[in-house]
Amino acid sequence: MIEKNWQELIKPSKIQIDAGNDPKRKATIVVEPLERGFGLTLGNALRRVLLSSLQGAAIVGMKAEGVVHEFSSLEGVREDVTDIILNLKAVVVKLGSGERKRVTVDIEGPCEVTAGMLEENADIEYFFF
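Numbering (my numbering), first residue to last: 19 to 147.
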């Protein structure tokens with residue numbers, strides 16, 4: 019019975035890769051024909067492999083005095099820690115070297131804190147959208 023399932027399985031006969039407008043960033047991969055439901059399975063596997071192979075820099079953590087967990091709130095701060103973390107994740111970082119860097123923000127008194135206040139470093143560029 020199992021052999022019959024594998025023998026009758028529709029196997030792809032066409033694999034086509036088309037570069038998009040920006041070949042370094044976009045491509046369309048066509049694999050056909052496929053059994054019902056296999057497209058989603060293959061697409062998810064391909065997406066996960068490609069995403070895990072990407073190299074780059076990002077803000078991966080934060081530490082603040084008086085914060086026990088991400089659902090904490092800070093006295094005198096309008097946003098809770100979850101919102102602050104989401105705002106930090108939106109900052110695009112370009113790192114010149116491949117090694118980890120620690121960046122600090124020193125804040126005193128009442129003020130609006132922005133990603134532009136992140137410590138400047140010759141090795142790090144920040145992009146805000």
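No residue lacks a Cβ here, since even glycine has one placed at the ideal position from N, Cα and C.
Cutting at 6 Å between CB atoms, please list the residues of its own chain near residue i, excluding the five before and the five after it.
i	result
K112	E143
F146	A133
I think residue i touches residue j, with their Cβ atoms under 8 Å apart; what is that distance to the nearest whole Å?
i	j	result
I125	L106	Incorrect: roughly 14 Å between the Cβ atoms, too far for contact.
K32	V48	7 Å
V123	L104	Not really, about 16 Å apart at Cβ, beyond 8 Å.
V2	N139	A question about residue 2 goes unanswered here, because the residues of the chain that appear run from 19 up to 147.
Spatial neighbours of residue i within its chain, please: C-beta separation below 7 Å, excluding the five flanking residues on both sides.
i	result
S115	D141
Output needed for residue i: all residues of its chain with C-beta closer than 8 Å, excluding positions within five of it in sequence on either side, in chain order.
i	result
L52	I28, P30, L60
Does the beta-carbon of residue i have 16 or more other beta-carbons within 10 angstroms, so that it is buried, or is it exposed?
i	result
V86	exposed
V67	exposed
Looking only at C-alpha atoms, which of the options sits nearest to residue i?
i	options	result
G94	E88, V131, E26	V131
E117	M80, Q73, G127, P128	Q73
L69	R43, G79, K81	R43
Quiz prompt | Completely contained beta strand (DSSP E) runs for the region 21-57, where each covers 3 or more residues | solution = 32-37, 45-50
Quiz item: Could you give the uninterrupted runs of the alpha helix (DSSP H) lying entirely in the region 54-119, keeping only those of 4 residues or more?
Solution: 56-71, 99-107
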